[in-house]
Amino acid sequence: MSLRVSADKDTGVAVVTLDRPHRLNAIDLETRDQLVDAWRSLRFDDSVRAVVLTGSGERAFCTGIDRDADVPQPNSPYMADDPLLRVGPKSNDLWKPVIAAVRGMACGGAFYLLGESEFVVADPDATFFDPHTTYGMVSAYESVLMAQRMPYGEVARMMLMGTAERMSARRAYEIGLVSELAAPGEALARATEAAAVIATQPAAGVQGTVRALWAAREAALAAGFAQAPHLIALGNLPDDRQAELFAGRRSDGFRLR
Numbered sequence: 529m530s531l532r533v534s535a536d537k538d539t540g541v542a543v544v545t546l547d548r549p550h551r552l553n554a555i556d557l558e559t560r561d562q563l564v565d566a567w568r569s570l571r572f573d574d575s576v577r578a579v580v581l582t583g584s585g586e587r588a589f590c591t592g593i594d595r596d597a598d599v600p601q602p603n604s605p606y607m608a609d610d611p612l613l614r615v616g617p618k619s620n621d622l623w624k625p626v627i628a629a630v631r632g633m634a635c636g637g638a639f640y641l642l643g644e645s646e647f648v649v650a651d652p653d654a655t656f657f658d659p660h661t662t663y664g665m666v667s668a669y670e671s672v673l674m675a676q677r678m679p680y681g682e683v684a685r686m687m688l689m690g691t692a693e694r695m696s697a698r699r700a701y702e703i704g705l706v707s708e709l710a711a712p713g714e715a716l717a718r719a720t721e722a723a724a725v726i727a728t729q730p731a732a733g734v735q736g737t738v739r740a741l742w743a744a745r746e747a748a749l750a751a752g753f754a755q756a757p758h759l760i761a762l763g764n765l766p767d768d769r770q771a772e773l774f775a776g777r778r779s780d781g782f783r784l785r
């Protein structure tokens, strides 16, 4: 299993952990399916009233889709399949609050998960960036989700700078992407503490509030997502050229701000 789910019946908090540290918690199709199953299972577990989402290890929360994943595609620009489009809790009709605890890198497809979390708690070493443009891809769904969480100029800079720049946890906190900066190594503990407080509130009121908050965002997300497949089909480089750019990547050529 590449996903761990544990639940504390006393506090009402479940912790969902991406457990592929050797792949920087990148999501392959098996992990995607496990996430979908986990969100759907948590819908029916009344003993769980709040959820914490995190990644295993110190290097990364999640680095998006695993580049080695084989994602079959229909031979049509009108039917492109995005393997992470339904990977988040809201996409699976889970209206229990989800708090993300981020340590290390959160990039690319990680924004599908952060975009469907209520708020983010981060370690000081957390960094945020989107590599799409560097590798010849359109950042569409990720940009739409993050445009709901960050000022326009900040999300535009992140998406357009690609791998040349990473946003620090401090800067993410300053602009509101991160709600709390924890002490080193304490993001998971602080997120779990917050979830435990939320879990003490009457569940119907909490879940109704989560649903109301999401309703305020749904119209903009639906409009943006409707354009995304066409923009991706028009703007993405061919797969072999993307792979060539990815193979030539460097891990030390970025600026931290």
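Taking this note's numbering, the leading residue of the sequence shown gets 529, the next gets one more, and so forth.
We put the CB at the ideal spot given by N, CA and C, even for glycine.
Residues bridged to residue i by DSSP?
i	result
ASP653	For ASP653, which the question treats as bridged, DSSP gives no partner whatsoever.
THR582	THR545 and ALA629
GLU708	VAL649
ILE760	None, per the DSSP bridge assignment.
ILE593	ILE555
For residue i, does the three-state DSSP call read helix, strand or coil?
i	result
MET695	strand
ALA535	strand
ALA588	strand
ALA771	helix
ARG783	strand
ALA554	coil
ALA634	strand
ASP621	coil
THR662	helix
THR797	In this structure the chain extends from 529 to 785, so residue 797 is not present and cannot be described.
ASP565	helix
VAL683	helix
SER530	coil
LEU612	coil
GLY752	helix
PHE639	helix
MET674	helix
LEU765	coil
Under 6 Å Cβ to Cβ from residue i, same chain only, skipping five residues before and after it: list those, please.
i	result
TRP567	PRO617, ASN620 and LEU622
TYR669	ALA756
ARG548	SER530
VAL599	PRO611
HIS660	SER667
TYR701	LEU709
Enumerate in chain order the residues of its own chain whose CB-to-CB distance from residue i is below 7 Å, with the five nearest sequence positions on each side excluded.
i	result
THR703	Checking the sequence shown, residue 703 turns out to be Ile, not Thr. Excluding residues within five positions, the ones whose Cβ falls inside 7 Å are MET678, PRO679 and GLU682.
ASP594	ARG551, ALA554, ILE555 and ASP556
ARG560	PRO611, LEU612 and VAL615
LEU570	ALA542, VAL576, VAL579, LEU622 and LYS624
GLN735	TRP623 and LYS624
ALA608	GLN601, PRO757, ILE760 and ALA761
GLY752	VAL672
Would you grab the beta carbon distance between residue i and residue j for me? Rounded to a whole angstrom, and I think it's under 8 Å.
i	j	result
PHE589	VAL630	4 Å
HIS697	ASP651	According to the sequence provided, residue 697 is Ala. The question's His does not apply to it. Correct: roughly 7 Å between the Cβ atoms.
LEU765	GLY664	3 Å
ARG769	THR691	Incorrect: roughly 16 Å between the Cβ atoms, too far for contact.
GLY592	THR545	With a Cβ gap of about 17 Å, GLY592 and THR545 do not count as contacting.
LEU749	VAL672	6 Å
SER645	LEU581	6 Å
GLY643	GLN676	7 Å
GLU662	LEU784	Reading off the sequence shown, one finds Thr at residue 662, where the question assumed Glu. Not a contact, Cβ separation roughly 16 Å.
THR539	ALA724	4 Å
GLY637	GLU586	The Cβ separation is near 20 Å, so there is no contact.
Can you give me the Cβ contacts of residue i inside the same chain, cut-off strictly under 8 Å, excluding the 5 residues immediately before and after it?
i	result
MET686	PHE656, PHE657, ASP658, MET674, MET678, GLU693 and MET695
PHE782	PHE657, THR691, ALA692, GLU693 and ARG694
GLU558	SER530
Can we count residue i as close to the ligand ADP, meaning its CB is less than 8 Å from some heavy atom?
i	result
LEU765	The model depicted lacks the ligand ADP and carries no ligand whatsoever.
Cβ contact check for the region 738-746 and the region 754-766: 3 or more pairs under 8 Å: Contact check between the region 738-746 and the region 754-766: fewer than three CB pairs, one atom from each, fall below 8 Å, which does not count as touching.
Touching by the beta-carbon criterion (3+ pairs, under 8 Å), the region 714-721 and the region 627-644: The region 714-721 vs the region 627-644: in contact.
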